[in-house]
Amino acid sequence: MRPQPLPALGDNYIWTLDGPAGALVVDPGEAAPVLAAAAAGLRPAGILLTHHHADHIAGTPALLERWPTLPVLAPDDARIPFATRRVGDGDTVDLAGWTLRVLAVPGHTRSHVAYHIDGGEGQRILFCGDTLFSLGCGRLFEGTPAQLLASLRRLAALPADTLVCCGHEYTLANAAFARVVDPENPALLRRLEEAEAMREQGRPTLPSLLAEESAANPFLRVTAPAVRAAVAARLGRAPADETETFAELRRWKDGFRA
Numbered sequence: 001m002r003p004q005p006l007p008a009l010g011d012n013y014i015w016t017l018d019g020p021a022g023a024l025v026v027d028p029g030e031a032a033p034v035l036a037a038a039a040a041g042l043r044p045a046g047i048l049l050t051h052h053h054a055d056h057i058a059g060t061p062a063l064l065e066r067w068p069t070l071p072v073l074a075p076d077d078a079r080i081p082f083a084t085r086r087v088g089d090g091d092t093v094d095l096a097g098w099t100l101r102v103l104a105v106p107g108h109t110r111s112h113v114a115y116h117i118d119g120g121e122g123q124r125i126l127f128c129g130d131t132l133f134s135l136g137c138g139r140l141f142e143g144t145p146a147q148l149l150a151s152l153r154r155l156a157a158l159p160a161d162t163l164v165c166c167g168h169e170y171t172l173a174n175a176a177f178a179r180v181v182d183p184e185n186p187a188l189l190r191r192l193e194e195a196e197a198m199r200e201q202g203r204p205t206l207p208s209l210l211a212e213e214s215a216a217n218p219f220l221r222v223t224a225p226a227v228r229a230a231v232a233a234r235l236g237r238a239p240a241d242e243t244e245t246f247a248e249l250r251r252w253k254d255g256f257r258a
């Protein structure tokens, strides 16, 4: 079974994943897309929340009005008041016929988590919220560059065939920045061509494949000579280490305009 993105709030995705006992619903920033999917046959069996930002949780109360007994998994953060179960790093949860492993991935927010499903070949799935995007990563709102870099490395160490289900349709905007940083990367150029074709057809560019991200996403390639050289050119010197490379790359992206 393949995860399905429900467009929401302009550029968000609410992810759904059918299982033997119903569907997981991930980061419902609004309720309407989920209610519409339910009218077409979706049977929610549980809600997964990755972090506290409103565009990822605001639809949850309305979904609980419709399905009051739905379990709601969320990180231990008082800014998410409607959790029925708090989860943390290393927890394993069985829900809707899936076994979920919880990974702490701070950086974008201090309490951000991701959920990984390893169902074997063809069934490895990562719900990573706003930590990892296709060809990009989340902004640093509450964490440090070292924290977010460590979180990204943790995700990059998952099996290469993992499907990456992130929270926003940012692929083309991220690709514009990535091409400035790493313009000769053939994996990046392939991914850009693929993403452009998908958007022209009105299709999501997600989920992406973790192997593709590892080859094309500059935020996962801070040790690559081309990425280090681009950062060095901005700094006017070689970066001191991988954390400085990442920190400057993130600052550069924050102010980037295509």
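Under UniProt numbering, the first residue of the sequence shown carries the number 1, and numbering increases by one thereafter.
Glycine included, C-beta positions come from ideal geometry on N, C-alpha and C.
In angstroms with no decimal places, state the Cα-to-Cα distance between Arg66 and Leu35.
Roughly 9 Å separates the two Cα atoms.
In chain order, what residues of the same chain have a beta carbon less than 7 Å from the beta carbon of Leu220, not counting five sequence neighbours either side?
Excluding residues within five positions, the ones whose Cβ falls inside 7 Å are Leu152, Ala156, Glu213 and Ser214.
Determine the DSSP secondary structure at Thr99, reduced to helix, strand or coil.
Here Thr99 sits in strand by DSSP.
Let me know the beta strand (DSSP E) ranges lying completely inside the segment 8-65, each 3 residues or longer, listed in chain order.
The segment 8-65 contains these whole beta strand (DSSP E) runs: 12-19, 22-26 and 44-48.
Output needed for Arg154: all residues of its chain with C-beta closer than 7 Å, excluding positions within five of it in sequence on either side, in chain order.
Closer than 7 Å at Cβ, skipping near neighbours: Leu103 and Val105.
Among Ala21, Ala39, Gly19 and Gln4, whose alpha-carbon lies nearest the alpha-carbon of Asp27?
Of Ala21, Ala39, Gly19 and Gln4, the residue nearest in Cα terms is Gln4.
Could you pull the start and end residues of the alpha helix (DSSP H) that Phe177 belongs to?
DSSP places Phe177 inside the alpha helix (DSSP H), whose first and last residues are Thr171 to Val181.
Provide the residue(s) that pair with Leu73 in DSSP beta bridges, ordered along the chain.
Answer is Leu48 and Arg85, bridged to Leu73.
What are the partner residues of Leu132, as DSSP defines its beta bridges?
Looking at the DSSP assignment, Leu132 forms a beta bridge with Cys137.
Residue from Leu42, Pro207, Ala23 and Ile125 whose Cα sits closest to the Cα of Ser134
Comparing Cα-Cα distances from Ser134 to each of Leu42, Pro207, Ala23 and Ile125, the minimum goes to Pro207.
Any idea which residues DSSP pairs Arg124 with across the strands?
In DSSP, Arg124 forms a bridge with Asp118.
Within its chain, find whatever has a CB closer than 6 Å to the CB of Thr84; leave out the 5 residues flanking it on each side and keep chain order.
Same-chain partners within the cutoff: Pro71 and Val72.
Tell me the DSSP secondary structure of Ser214 in three-state form.
Note: Ser214 maps to helix in three-state DSSP.
Residues near residue 260 by beta carbon distance below 7 Å, same chain, minus five either side:
Residue 260 lies beyond the stretch modelled for the chain, which goes from 1 to 258, so this question has no answer here.
Assigned secondary structure, residue 260 (DSSP; H/G/I helix, E/B strand, else coil):
With the chain represented from 1 up to 258, any question about residue 260 goes unanswered, as that position is not in the structure.
Can you list, in chain order, the residues of its chain with a C-beta nearer than 6 Å to that of Gly138? Leave out the 5 residues immediately preceding and following it.
Only His108, Asp130 and Thr131 meet the Cβ criterion.
Could you tell me the alpha carbon to alpha carbon distance between Tyr63 and Leu149, rounded to whole angstroms?
The identity of residue 63 in the sequence shown is Leu, whereas the question assumes Tyr. Cα-Cα distance, rounded: 34 Å.
As assigned by DSSP and simplified to three states, the class of Ser208
Correct three-state label for Ser208: strand.
So is Gly236 buried or exposed if we call it buried at 16+ other beta carbons inside 10 Å?
Sixteen is the threshold: since fewer than 16 other Cβ atoms of the shown chains lie within 10 Å of the Cβ of Gly236, the residue is exposed.
Please report the distance separating the alpha-carbon of Ala247 from that of Pro20.
The alpha-carbon separation between Ala247 and Pro20 amounts to approximately 43 Å.
Inter-residue Cα distance where the pair is residue 261 and Arg43
Outside the shown range of the chain, which is 1 to 258, sits residue 261, and nothing can be said about it.
Applying the criterion that 16 or more other CB atoms from any shown protein chain within 10 Å of the CB defines a buried residue, is Arg203 buried or exposed?
Counting C-beta atoms within 10 angstroms of its own C-beta, Arg203 has fewer than 16 neighbours from the protein chains shown and is therefore classed as exposed.
I'd like to know whether the C-beta atoms of Ala96 and Ala23 end up nearer to each other than 8 Å.
With contacts defined as CB atoms closer than 8 Å, Ala96 and Ala23 qualify as a contacting pair.
Strictly under 8 Å for the Cβ-Cβ distance: is Gly236 near chain D by that measure?
The structure shown has no chain D; it contains just one protein chain.
Less than 8 Å between C-beta atoms, sequence neighbours within five positions excluded: which residues of the same chain meet that for Ile125?
Pro3, Leu17, His116, Ile117, Gly119, Thr162, Leu163, Cys165 and Pro207.
Identify the residues that DSSP records as bridge partners of Leu6: which are they?
Its beta-bridge partners are Ile14.
Could you tell me the distance, in whole angstroms, from the CA atom of Thr243 to the CA atom of Glu196?
Going from the Cα of Thr243 to the Cα of Glu196 covers about 31 Å.
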